[in-house]
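**Q**
There are 2 protein chains.
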Amino acid sequence: MANGSANCLFCNNKSVCFNELTDDELKQIEDNKVEILYKKDETIIKQGSFASNIYFIKKGLVKIYIENSDRNLILEIAGKSKMLGLTSLNHTKHYKFSVTALEDIVLCQINVEVINKIMITNQFFNTQVIKSLNSTIEKILDKLHCISHKQLNGRLADALICFSDEIYQNNKFTLNVTRKDLASITNMATENVVRLLKEFNDKKIIKVSGKNIEIINYSALKELSK
Amino acid sequence: MANGSANCLFCNNKSVCFNELTDDELKQIEDNKVEILYKKDETIIKQGSFASNIYFIKKGLVKIYIENSDRNLILEIAGKSKMLGLTSLNHTKHYKFSVTALEDIVLCQINVEVINKIMITNQFFNTQVIKSLNSTIEKILDKLHCISHKQLNGRLADALICFSDEIYQNNKFTLNVTRKDLASITNMATENVVRLLKEFNDKKIIKVSGKNIEIINYSALKELSK
DNA sequence: CGCGAGCTTGACGTTGTTCAACTAGAGTGG
DNA sequence: CCACTCTAGTTGAACAACGTCAAGCTCGCG
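Residue numbers (the working numbering), protein chains in the order written: chain G, 1 to 226; chain F, 227 to 452.
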């Protein structure tokens with residue numbers, strides 16, 4: 001299943017970044033990439049290691065997080081079409097975050113030198129990279145705002161809305177993350193995640209059953225998020 | 227003092243971004259920029275407004291912050307050589323933050339179209355822009371880490387170290403910001419800033435006298451920052 | 001069938017915010 | 001020049017929010 005010779009030219013999983021590449025540029029990528037399968041819980045990027053590759057997720061969910069001695073902070077749960085590692089372009093030599101598979105993952109690993117090269121030859125690609133960086137900045141700013149201004153229930157509401165709207169795109173979903181992960185996303189104690197989920201459940205805002213969550217009263221969640 | 231025809235070619239205040247521009251490219255910038263003087267407390271960028279310009283600070287300190295109904299969050303105190311507005315390149319049409327002058331400011335306002343154009347023609351410039359974006363990401367991540375993992379005294383210690391090491395580059399400085407601003411930097415109540423400054427003062431870690439602050443025991447501050 | 005990790009619950013203590021009152025200094029107008 | 005006002009800064013006490021601790025539960029897996 002995983003192999004390094006999958007043809008980029010006919011890949012229908014391409015990121016919008018790659019849409020306008022010439023056949024020659026796609027060939028360059030193909031020659032400098034491998035497709036890899038990761039199993040659940042495997043580490044894809046380790047914080048602090050040399051940043052020599054860019055990753056493109058073809059299938060599955062990952063968590064992107066900052067490691068810390070006491071506890072981690074999950075920046076984002078990302079899936080299909082996400083590019084990882086752009087934030088190291090031309091800047092730091094080391095990854096500033098870790099990435100772990102939340103389920104079985106298929107991804108393309110591309111050498112950073114090729115990316116740099118194509119950014120020079122292809123203006124559209126270059127623009128897409130900058131867009132991606134700016135979108136990252138916007139996301140982190142939102143997170144910063146959320147964590148610094150909102151209380152526990154608002155933060156958990158935000159997380160649930162994100163799961164429903166963006167990650168699973170369904171008001172009924174089965175979490176790929178533990179309660180502890182939810183705590184790392186919302187920056188609170190695991191116990192508080194449990195208490196609040198129960199509270200939301202009792203108030204008929206959501207329906208919780210283990211990892212299965214259904215959002216019943218979306219507007220109440222939006223209200224909690226303030 | 228402020229005028230639009232200052233010559234970019236012979237400007238010795240140039241950001242590293244502009245260092246490798248050709249004479250022709252500098253001429254393009256010159257034709258699409260104005261130099262402006264802002265007085266203390268004037269708004270330079272207003273959150274939500276159209277993002278059609280890039281700003282380059284030639285002189286003076288500004289605060290960059292996210293506005294919020296209840297209270298603001300200061301992202302950075304920036305000064306000479308800082309580029310503002312790059313985070314809107316090719317992405318959002320509106321500024322996601324506000325910028326206000328903390329003292330009298332001289333800056334160059336450059337039309338974003340010229341910046342976009344030069345990013346195509348000059349690879350070095352393009353690389354510098356990406357570096358700048360990535361450095362912004364790193365800064366915000368540090369802030370996120372600080373606010374989410376550290377307690378009040380650690381956060382204030384961080385802020386004081388930043389003022390000493392980066393902003394004023396002197397262990398003795400006169401603050402350009404109010405106590406309330408310090409609170410917006412460290413995400414705490416103004417009262418707590420006052421209490422902690424007093425506590426640090428009593429413990430002979432710093433010496434506070436109104437806006438004048440001297441760092442006496444730097445390593446103790448580093449320790450508090452953990 | 002038992003072990004262990006993840007989950008759940010309640011009690012309790014700490015941390016940090018809010019409120020209210022007071023002070024000092026800077027600017028304003030008579 | 002002196003009241004007056006306004007804002008920034010300061011202080012203490014009460015309170016709420018949140019984290020920690022300890023204990024028990026559940027379920028999957030060997």
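Quick reminder that beta carbons are idealized off the backbone N, C-alpha and C, glycines included.
#1: Going along chain G, which residues have a C-beta under 7 Å from F:Lys322?
#2: Three-state secondary structure (DSSP) at G:Ile44?
#3: Could you tell me whether the Cβ atoms of F:Ile442 and F:Lys448 are closer together than 8 Å?
#4: Specify the secondary structure class of F:Leu367 as computed by DSSP and reduced to three states.
#5: Please report whether the beta-carbon of G:Asp70 lies at a distance below 8 Å from any beta-carbon of chain F.
#6: Flag this pair as touching only if the stretch 327-338 of chain F and the stretch 290-298 of chain F have three or more C-beta atom pairs under 8 Å; answer yes or no.
#7: What separation, rounded to the nearest whole angstrom, lies between the Cα atoms of G:Phe10 and F:Ile346?
#8: Taking any Cβ of chain G, which residues in the stretch 337-364 of chain F have a Cβ under 8 Å from it, in chain order?
#9: Using only alpha-carbon positions, find the residue among F:Phe323, F:Ala277 and F:Ile439 that is nearest to F:Leu315.
#10: What is the rounded straight-line gap between the Cα of F:Val419 and the Cα of G:Thr190?
#11: By DSSP, does F:Val403 sit in helix, in strand, or in coil?
#12: List, from N- to C-terminal side, the beta strand (DSSP E) runs of 3 residues or more that fit wholly inside the stretch 289-369 of chain F.
#13: Using three-state DSSP, classify F:Ala228 as helix, strand or coil.
#14: Among G:Lys58, G:Gln47, G:Cys108 and G:Gln123, which has the Cα closest to the Cα of G:Thr87?
#15: Thinking C-beta only, is F:Ile280 closer than 8 Å to F:Ile454?
#16: G:Tyr168 by DSSP, collapsed to three states: which one?
#17: Can you pull the chain F neighbours of G:Asn12, defined as C-beta to C-beta under 9 Å?
#18: Could you tell me which chain F residues have their CB closer than 8 Å to the CB of G:Leu73, listed as they occur along the chain?
#19: From what residue to what residue does the alpha helix (DSSP H) around G:Leu224 run?
#20: Counting only C-beta atoms, is F:Cys243 closer than 8 Å to chain G at any point?
#21: Mind pulling the chain G residues with CB within less than 7 Å of F:Leu315?
#22: Using a Cβ-Cβ cutoff of less than 6 Å, which residues in the same chain neighbour F:Asn352 once the five nearest sequence positions on both sides are dropped?
#23: If G:Asn170 and G:Tyr218 are in contact, beta carbons under 8 Å, what's the gap, nearest whole angstrom?
#24: If I follow the unbroken beta strand (DSSP E) through F:Lys284, where does it start and stop?
#25: Can you find the residues in the same chain that come closer than 8 Å, C-beta to C-beta, to F:Gly311, ignoring five residues on each side of it along the sequence?
#26: Return no unless some Cβ of chain F is closer than 8 Å to the Cβ of G:Leu224.
#27: Pairing CB atoms from the stretch 361-373 of chain F with CB atoms from the stretch 139-152 of chain G, are three or more of them under 8 Å?
#28: I need the DSSP call for G:Leu197, collapsed to helix, strand or coil.
#29: Find the residues of chain G that neighbour F:Asn413, judging by a C-beta separation of less than 8 Å, and give them in chain order.
#30: Starting from G:Leu27, trace the alpha helix (DSSP H) both ways and give me its first and last residue.
#31: Compute the distance between the beta-carbons of F:Asn258 and F:Ile336, then report whether it is under 8 Å.
#32: Under the three-state reduction of DSSP, which class applies to G:Ser148: helix, strand or coil?
#33: Residues of chain G with CB closer than 8 Å to the CB of F:Ile393, please, in chain order.
#34: For G:Asn212, does the three-state DSSP call read helix, strand or coil?
#35: I'd like to check one pair, G:Ile64 with G:Val99: are the Cβ atoms closer than 8 Å?
#36: Is there at least one Cβ from chain F nearer than 8 Å to G:Thr92's Cβ?
**A** According to the structure data:
#1: One-based indexing of the second sequence puts residue 322 of chain F at position 96. Chain-order list of chain G residues neighbouring F:Lys322: Glu138 and Leu141, by C-beta distance under 7 Å.
#2: Here residue 44 of chain G corresponds to residue number 44 of the first sequence, with the count starting at 1. DSSP places G:Ile44 in strand when its eight states are reduced to three.
#3: In the second sequence, counting from the first residue as 1, residue 442 of chain F sits at position 216. In the second sequence, counting from the first residue as 1, residue 448 of chain F sits at position 222. No.
#4: To locate residue 367 of chain F, count along the second sequence from 1; it is residue 141. In the structure shown, F:Leu367 sits in a helix (DSSP, three-state: H, G or I).
#5: Mapped onto the first sequence, residue 70 of chain G falls at position 70. Answer yes: the Cβ-Cβ gap between G:Asp70 and chain F drops below 8 Å somewhere.
#6: Result no; under three Cβ-Cβ pairs closer than 8 Å.
#7: As a first step, residue 10 of chain G must be located in the first sequence, where it is residue number 10. As a first step, residue 346 of chain F must be located in the second sequence, where it is residue number 120. Approximately 28 Å, taken between the alpha carbons.
#8: Taking 8 Å as the cut-off between beta carbons, the residues of the stretch 337-364 of chain F near chain G are Met345, Ile346, Gln349, Asn352, Thr353, Val355, Ile356, Lys357, Leu359, Asn360, Ser361, Thr362, Ile363 and Glu364, in sequence order.
#9: Residue mapping note: residue 315 of chain F aligns to position 89 of the second sequence, counting from 1. Closest by C-alpha distance to F:Leu315, out of F:Phe323, F:Ala277 and F:Ile439, is F:Ala277.
#10: Numbered from its first residue, the second sequence carries residue 419 of chain F at position 193. Numbered from its first residue, the first sequence carries residue 190 of chain G at position 190. Using only the alpha carbons, I get a separation of about 29 Å.
#11: By one-based count along the second sequence, residue 403 of chain F stands at place 177. Reduced to three states, the DSSP call for F:Val403 is coil.
#12: Within the stretch 289-369 of chain F, the complete beta strand (DSSP E) runs of at least 3 residues are 299-304, 324-327 and 331-337.
#13: Locating residue 228 of chain F in the second sequence gives position 2, where the first residue counts as 1. Residue confidence for F:Ala228 is low, a pLDDT of 43 falling below 50, so the modelled location carries little weight; the figure read from the coordinates is stated next. Reduced to three states, the DSSP call for F:Ala228 is coil.
#14: Along the first sequence, one-based indexing puts residue 87 of chain G at 87. G:Thr87 has its Cα closest to that of G:Gln47, out of G:Lys58, G:Gln47, G:Cys108 and G:Gln123.
#15: Within the shown structure, residues of chain F are numbered from 227 to 452, placing residue 454 of chain F beyond reach of any answer.
#16: By one-based count along the first sequence, residue 168 of chain G stands at place 168. Reduced to three states, the DSSP call for G:Tyr168 is coil.
#17: The residue you call residue 12 of chain G lines up with position 12 of the first sequence. Proximity of chain F to G:Asn12 at the Cβ level (cut-off 9 Å) is not reached, the minimal Cβ distance being about 25 Å.
#18: Counting from one through the first sequence, the residue named residue 73 of chain G turns up at place 73. Per Cβ cutoff of 8 Å: Leu370, His371, Ser374 and His375.
#19: Taking the first residue of the first sequence as 1, we reach residue 224 of chain G at position 224. In this chain, the alpha helix (DSSP H) harbouring G:Leu224 covers Tyr218 to Ser225.
#20: If you number the second sequence from 1, residue 243 of chain F lands on position 17. Residue contact check for F:Cys243 against chain G: no CB pair falls below 8 Å.
#21: To locate residue 315 of chain F, count along the second sequence from 1; it is residue 89. Near F:Leu315 (Cβ distances below 7 Å), the residues of chain G are Ile130 and Asn134.
#22: Walking along the second sequence from the start, residue 352 of chain F turns up at place 126. So the list reads Met345, once near-sequence residues are dropped.
#23: Along the first sequence, one-based indexing puts residue 170 of chain G at 170. Along the first sequence, one-based indexing puts residue 218 of chain G at 218. The distance from the Cβ of G:Asn170 to that of G:Tyr218 is about 12 Å, inconsistent with a contact at the 8 Å cut-off.
#24: On the second sequence, position 58 is the one that residue 284 of chain F refers to. Counting along the chain, the beta strand (DSSP E) containing F:Lys284 begins and ends at Asn279 to Lys285.
#25: On the second sequence, position 85 is the one that residue 311 of chain F refers to. Sequence-distant partners of F:Gly311 (beyond 5 residues in either direction) whose C-beta falls short of 8 Å from its own C-beta, in its chain, are Ile271, Ala277, Asn279, Ile280, Tyr281, Tyr321 and Val338.
#26: The residue given as residue 224 of chain G occupies position 224 in the first sequence. Chain F, which has no Cβ nearer than 8 Å to the Cβ of G:Leu224, makes this no.
#27: The stretch 361-373 of chain F vs the stretch 139-152 of chain G: in contact.
#28: Numbered from its first residue, the first sequence carries residue 197 of chain G at position 197. In the structure shown, G:Leu197 sits in a helix (DSSP, three-state: H, G or I).
#29: Here residue 413 of chain F refers to the residue found at position 187 of the second sequence. Neighbours of F:Asn413 in chain G, taken as residues at a C-beta separation under 8 Å, are given in chain order as Ser148.
#30: In the first sequence, residue 27 of chain G corresponds to position 27, counting from 1. Note that residue 27 of chain G is Lys in the sequence shown here, rather than Leu. Its alpha helix (DSSP H) spans residues Asp23 to Asp31.
#31: On the second sequence, residue 258 of chain F is found 32 positions in, with the first residue counted as 1. On the second sequence, residue 336 of chain F is found 110 positions in, with the first residue counted as 1. F:Asn258 is a Cβ neighbour of F:Ile336, given a cutoff of 8 Å.
#32: Indexing the first sequence from 1 puts residue 148 of chain G at position 148. In the displayed model, G:Ser148 falls within a helix according to three-state DSSP.
#33: Looking up residue 393 of chain F in the second sequence gives position 167. Within chain G, no residue comes near F:Ile393; the closest Cβ sits about 20 Å away, beyond 8 Å.
#34: Looking up residue 212 of chain G in the first sequence gives position 212. Taken through DSSP and simplified to helix, strand or coil, G:Asn212 comes out as strand.
#35: Here the question's residue 99 of chain G lines up with position 99 in the first sequence. Here the question's residue 64 of chain G lines up with position 64 in the first sequence. Cβ distance < 8 Å, so G:Val99 and G:Ile64 count as in contact.
#36: For this step, residue 92 of chain G is matched to residue 92 along the first sequence. It does; some Cβ of chain F falls within 8 Å.
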